[in-house]
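One structure below.
Residue numbers (our numbering), protein chains in the order written: chain A, 1 to 290; chain B, 1 to 290; chain C, 1 to 290; chain D, 1 to 290.
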């Protein structure tokens, strides 16, 4: 475990679960509700320590996870939640080496997750039409050292993307159905498309657009995260939760060849059959549903 | 888009949403419920095509995503679901270059996701006590070309892990509370711990163990995935869903220094405060709760 | 506890949780998967007994609850689920003495619940356009002895309801927005309106209609029922559940006086404020929100 | 529609969805955030009117539903939520004429719902050990005119219930498993038992007690209520919801005869089979499972 240095990020986790994210700077002091901790008490020692405030209250000094960082992002808009981000990364097949485009950049939460996932050999191109948002997203991405993996473009994607044959595209904007033709031109045939929208009306409009343009394997899903109070003698869900972040829409871009497949039935078949039968990756034929 | 070759995996997506995963082999034929497709119709052409069965039914021939592959794994046990896997990867801070241990290997679903995420510079060590399971997991990992990133060990982890100072540890076994001391010795101070268990009783026992051994930042969460029928004129959730896969437990391993923090309040504070206030990564002080 | 008599309904609950609903008839025999039980073993003795099949397997012989009966109804259409029915009864303020109309009758599940709740002094008028459905609903209502409380009408409600000044109206049909003017004329000013629809599109159309006609206090809600395996040593949710029955829509019919209130904000304010502050029924002023 | 009179309850529903519950009194004035409304503007006219504040803001003056009243109860403890209450009434087979006991009285929310449901011919006996709570519950029940149907008893139920052969018993207290023998003696054989507890630990202990004492048809369930913003152009779930009120436990009291049935499988079989097949109340044999 290397020693923490000036400029590193550290997560201070208090006795009541409150979390403070700081960037270590010599001479600075963290003021918490339970007392002060000088940054110099952390610089030069490894993270993974218990430190004490001047009131002798213990805090865990930890390396922040990507999850911690996403939740603490400086934001000017609603950011995507980690529960959705982790799932989108899997559904869009994001991994080291992939070329991905997104719009808009927003506060950069998805940008950061994408950049972190395509490292060290892929790239992310992030389009944003608002200069202030792009500036914030760039700053957030830079603060985590991920700027080498991201190309920001201040641009209305109505004019199209510069890239072609990319692996995947994710849209987090108000009217994704307006840009599906642009997506089709930028993503390779059969590539991955995803979008997040908050309302059922937007889902309906996006589905209509996806079907019209011949996207395949269309899916709509929602993820609910339910935290529990981690008390062994009184285990129970927390009283109140975030009950809605958005609807996730996934599809494969139109393939070479003229045919379009109907979307209906796909997720249903999927949902019904997955857990019932052992499936085999090498098998010749693998019908999942009845 | 390169041409598909013998040995490549391809996902055939039928007109009613049925999915077939095949490994391309010259001379082989895929028999679907809508007719036959010879593998040779795919070999030598790029994926992302529409192909037709001998009954003239269209199928999308697609590159499978990691998500598709996980759902189609040859399995001898309940596998982890992608919804949980994507979230665990974020919570355990898994990314390129990390050193991770897991037990047990099971059918290898989590192993595959971990290996894919730490590429190309990290490593996964996967412990399994049953030879048949280890053999299946290894085969599944190998079939996706990820074996170079995984070290399988046929071992009861009651005897401890060989590794020390690893970044993270994930346990998917019946009694995780029996192995927390072993986890503490293998993971670096303040490192990431995760577990998945199906019953509330197991959650209670694991929480008790985590508190006793001084783990910090303890959280219990559950993810529910709700698919919708993607029909624009009749948008609605599907009738029946998988309503329970397991409870997710997260914690940070004990830190250097004697103090232990109470777990209660942590997730609650977290849940209450995230969306209410703009948070800033570089800020000196960042109290998330009220 | 009176003795069971010929013609009574009895619920037989098997050792594995299977349930059989029978109407006691002298000389008849119930054939279960665990053996036979002659009805005469039940007739003339009180329910609340354990009886044995000819294979010596124990069954509980129980008085069926309304909940049991609703789930066992002979049906020709999707019936409403008890979870929704119980909530609708409260929201529509149904109790002894109320006058209620519904359309359509369907298989009579909601009719039965309404009739049971308005007993002994109220009445239910149930409209249905299909003769076969009305016949089935009437038969189901009659089988539970509730026919004295229900007036069935074979009628398209496009022509309006016969009744005026009723307390509440519930619509369980495909296009509730087509009949809101008819509802307004039948229900007393400020009375209770409810509807159940399966798709988001129908919710949108119904909301549009409700706003246009000046309905107030509009709410849309969904109830999810999550059963657990009742095993004390392995408590956990069941794997698969019914995840969607329908969206519930509630409103108050237009009041005397011209003004219409905007719907937005109502349920939100409600959701936010209910549990946070003690509220008082007799208080002069009771602002629930912030 | 009769005219509202002094002493009646009225619900004032504001233009932004805020709700005020008042008891009409000559000369009194309701002060809202949007202006004042004199009670005399309502007394002597029917409810179901739009009234205006002195600032000319419209309010709906409505008859409150039982649902409205339950949410506005003067409370000294967490009350049961209407979503749970409506379901419990169905599961415990509560209707006009039934004899029901409950403990404790709490703030009287469940007492009110029970009393309203057994009217005009049944009775509720409500046990409470704390004089202040009993006093509040009685006051709340009285304020809705339901006192004739409720018999309050200031008593620790460890000493047993006075009643025997009642139809149903509901426990809303910390340790329901301590009183199951008392329940068995008070409720008729095969009668209805229900309980609400907030933690998984309490569920486990209650299940253990129910099995030991031979209760049958044991079920554990949870109800989640998800409100939507009722805006037709932007339909979406509200951001934050009450995610946990409690676990509901249901069982039938021990029957005459010695045998006890295993609980496992019951709810599962139930959950799996209900919607798949048409069921018939008069049928001789009705196996719901596979």
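The C-beta atom is built at its ideal place from N, Cα and C for all residues, glycine as well.
Assign residue 26 (chain A) to buried or exposed, taking buried as 16 or more other Cβ atoms, counted over all protein chains shown, within 10 Å of its Cβ. The residue labelled residue 26 (chain A) in the question sits at position 26 within the first chain. Exposed, because fewer than 16 other Cβ atoms sit within 10 Å of the Cβ of residue 26 (chain A).
Taking residue 218 (chain A) as the query, report the chain B residues whose CB atoms sit under 7 angstroms from its CB, ordered along the chain. Taking the first chain and counting its residues from 1, one reaches residue 218 (chain A) at position 218. For a Cβ distance threshold of 7 angstroms, residue set 230 of chain B lies close to residue 218 (chain A), ordered along the chain.
Starting from residue 222 (chain B), follow its DSSP beta bridges and name the residues at the other end. Translated into the one-based positions of the second chain, residue 222 (chain B) becomes position 222. Its beta-bridge partners are A:226.
CA-CA distance, residue 150 (chain A) and residue 15 (chain D)? In the first chain, the residue the question calls residue 150 (chain A) occupies position 150. In the fourth chain, the residue the question calls residue 15 (chain D) occupies position 15. Looking at the two C-alpha atoms, the distance is approximately 48 angstroms.
Report the residues of the region 204 to 218 of chain A with a CB closer than 8 angstroms to any CB of chain C, ordered along the chain. 204
Run the CB neighbour count on residue 156 (chain A), radius 10 Å, all protein chains shown included, and call it buried at 16 or more, exposed below. The residue given as residue 156 (chain A) occupies position 156 in the first chain. Per the 10 Å Cβ criterion, exposed.
Same chain, Cβ closer than 7 angstroms to residue 255 (chain D), five either side skipped, listed in chain order: Mapped onto the fourth chain, residue 255 (chain D) falls at position 255. Non-local C-beta neighbours of residue 255 (chain D) in its own chain, meaning closer than 7 angstroms and more than five positions away in sequence, comprise 189, 190 and 216, ordered along the chain.
Beta-carbon proximity list for residue 51 (chain A), same chain, < 7 angstroms, skipping 5 on both sides: Taking the first residue of the first chain as position 1, residue 51 (chain A) is located at position 51. Here the set comprises 37, 41, 42, 59 and 61.
Less than 6 angstroms between C-beta atoms, sequence neighbours within five positions excluded: which residues of the same chain meet that for residue 152 (chain C)? Taking the first residue of the third chain as position 1, residue 152 (chain C) is located at position 152. Only 126, 134 and 138 meet the Cβ criterion.
Just list the beta strand (DSSP E) runs in the region 237 to 261 of chain A, keeping only unbroken ones of 3 residues or longer that don't cross its boundaries, in chain order. 240 to 242 and 247 to 252
Residue 30 (chain B) versus residue 231 (chain B) - alpha carbon distance: Numbered from its first residue, the second chain carries residue 30 (chain B) at position 30. Numbered from its first residue, the second chain carries residue 231 (chain B) at position 231. Approximately 29 angstroms between the Cα atoms of the pair.
Apart from the five residues just before and just after residue 54 (chain A), which ones in its own chain have a Cβ nearer than 6 angstroms to its Cβ? Here residue 54 (chain A) is taken as the residue at index 54 of the first chain, counted from 1. Closer than 6 angstroms at the Cβ level, and outside the excluded window around residue 54 (chain A), lie 35 and 36.
Count the other CB atoms, across all protein chains shown, that sit within 10 Å of the CB of residue 106 (chain D); report buried if there are 16 or more and exposed otherwise. One-based indexing of the fourth chain puts residue 106 (chain D) at position 106. Counting Cβ neighbours within 10 Å, residue 106 (chain D) comes out buried, since at least 16 surround it.
Residues that DSSP places opposite residue 22 (chain C) in a beta bridge: Counted from its first residue, the third chain places residue 22 (chain C) at position 22. Paired residue(s): C:10.
Best match in A:33, A:97 and A:116 for proximity to residue 98 (chain B) [C-alpha to C-alpha]: Reading the second chain from its first residue, position 98 is the one you call residue 98 (chain B). Closest in alpha carbon position to residue 98 (chain B), among A:33, A:97 and A:116, is A:116.
Inter-residue spacing [alpha-carbon to alpha-carbon] between residue 202 (chain A) and residue 104 (chain B): Taking the first chain and counting its residues from 1, one reaches residue 202 (chain A) at position 202. Taking the second chain and counting its residues from 1, one reaches residue 104 (chain B) at position 104. Cα to Cα, the separation comes out at about 42 angstroms.
Can you tell which of C:89, C:143, C:88 and C:154 has its C-alpha closest to the C-alpha of residue 22 (chain C)? Taking the first residue of the third chain as 1, we reach residue 22 (chain C) at position 22. For residue 22 (chain C), the nearest C-alpha among the options comes from C:143.
I'd like the list of long-range same chain contacts for residue 7 (chain C), defined as Cβ closer than 7 angstroms, with 5 residues on each side in sequence excluded. Here residue 7 (chain C) is taken as the residue at index 7 of the third chain, counted from 1. Only 23 and 24 meet the Cβ criterion.
Which of the residues in the region 183 to 206 of chain A, read from start to end, lie with their CB under 8 angstroms from any CB of chain C? 200, 201, 203 and 204
Within-8 angstroms CB hit, residue 48 (chain C) to chain D: Position 48 of the third chain, counted from the first residue, corresponds to residue 48 (chain C). Any Cβ of chain D closer than 8 angstroms to the Cβ of residue 48 (chain C) would place that residue at the interface, and such an atom is present.
For residue 85 (chain B) and residue 148 (chain A), I'd like the C-alpha separation in whole angstroms. The residue given as residue 85 (chain B) occupies position 85 in the second chain. The residue given as residue 148 (chain A) occupies position 148 in the first chain. Going by the C-alpha atoms only, they are around 27 angstroms apart.
Quick one: is residue 53 (chain C) near chain D, going by C-beta distance under 8 angstroms? Your numbering for residue 53 (chain C) matches position 53 in the third chain. So no, residue 53 (chain C) is outside the interface.
Which residue comes first and which comes last in the beta strand (DSSP E) that contains residue 58 (chain C)? By one-based count along the third chain, residue 58 (chain C) stands at place 58. Residues 58 to 62.
I'd like the span of the beta strand (DSSP E) that includes residue 31 (chain D), first residue to last. Sequence index remark: in the fourth chain, residue 31 (chain D) carries index 31 (1-based). Element bounds for residue 31 (chain D): 29 to 32.
Work out the CA separation of residue 246 (chain D) and residue 198 (chain D) for me, nearest whole Å. The residue given as residue 198 (chain D) occupies position 198 in the fourth chain. The residue given as residue 246 (chain D) occupies position 246 in the fourth chain. Roughly 4 angstroms between the two C-alpha positions.
Decide if residue 221 (chain B) is buried, meaning its Cβ has at least 16 other Cβ atoms within 10 Å, or exposed. Here residue 221 (chain B) refers to the residue found at position 221 when the second chain is read from its first residue. Buried, by the Cβ-count rule.
Hey, does residue 109 (chain B) have any beta-carbon neighbour from chain C nearer than 8 angstroms? As a first step, residue 109 (chain B) must be located in the second chain, where it is residue number 109. Answer no: the Cβ-Cβ gap between residue 109 (chain B) and chain C never drops below 8 angstroms.
Compute the Euclidean distance between the alpha carbons of residue 250 (chain D) and residue 130 (chain D), then round it to the nearest angstrom. Along the fourth chain, read from residue 1 onward, the residue named residue 250 (chain D) stands at position 250. Along the fourth chain, read from residue 1 onward, the residue named residue 130 (chain D) stands at position 130. When rounded, the distance between both Cα atoms is 25 angstroms.
Between residue 169 (chain D) and residue 118 (chain D), is the Cβ-Cβ spacing less than 8 angstroms? Residue numbering aside, residue 169 (chain D) sits at position 169 when the fourth chain is read from its first letter. Residue numbering aside, residue 118 (chain D) sits at position 118 when the fourth chain is read from its first letter. Cβ atoms of residue 169 (chain D) and residue 118 (chain D): not closer than 8 angstroms.
Whole-angstrom distance between residue 18 (chain C) and residue 252 (chain A), CA atom to CA atom: Here residue 252 (chain A) is taken as the residue at index 252 of the first chain, counted from 1. Here residue 18 (chain C) is taken as the residue at index 18 of the third chain, counted from 1. Going by the C-alpha atoms only, they are around 44 angstroms apart.
Would you call the CB atoms of residue 210 (chain B) and residue 172 (chain B) closer than 8 angstroms? To locate residue 210 (chain B), count along the second chain from 1; it is residue 210. To locate residue 172 (chain B), count along the second chain from 1; it is residue 172. Not in contact: residue 210 (chain B) and residue 172 (chain B) (Cβ atoms no closer than 8 angstroms).
Starting from the beta carbon of residue 83 (chain A), find every residue of chain B whose beta carbon is closer than 9 angstroms, and list them in chain order. As a position in the first chain, residue 83 (chain A) is number 83, starting the count at 1. Identification of chain B residues near residue 83 (chain A) by a Cβ-Cβ cut-off of 9 angstroms yields 83, 86, 87, 90, 221 and 223, ordered along the chain.
At least one CB of chain B closer than 8 angstroms to the CB of residue 325 (chain A): is that the case? Lying before the first or after the last residue shown, residue 325 (chain A) is absent from chain A, which here runs from 1 to 290.
To the nearest whole angstrom, what separates the beta carbons of residue 112 (chain A) and residue 235 (chain B), a pair I think is in contact under 8 angstroms? Here residue 112 (chain A) corresponds to residue number 112 of the first chain, with the count starting at 1. Here residue 235 (chain B) corresponds to residue number 235 of the second chain, with the count starting at 1. Taking C-beta atoms under 8 angstroms as the contact rule, residue 112 (chain A) and residue 235 (chain B) fail to qualify, at a distance of about 31 angstroms.
Sorted by chain position, which residues of the same chain lie with C-beta nearer than 8 angstroms to residue 64 (chain D)'s C-beta, five sequence neighbours on each side aside? The residue given as residue 64 (chain D) occupies position 64 in the fourth chain. Apart from sequence neighbours up to five positions away, the residues of its chain that approach residue 64 (chain D) with a beta-carbon distance below 8 angstroms are 9, 10, 11, 21 and 72, ordered along the chain.
If we call anything under 8 angstroms between Cβ atoms a contact, is residue 174 (chain B) one with residue 136 (chain B)? The residue labelled residue 174 (chain B) in the question sits at position 174 within the second chain. The residue labelled residue 136 (chain B) in the question sits at position 136 within the second chain. No, Cβ-Cβ distance for residue 174 (chain B) and residue 136 (chain B) is not below 8 angstroms.
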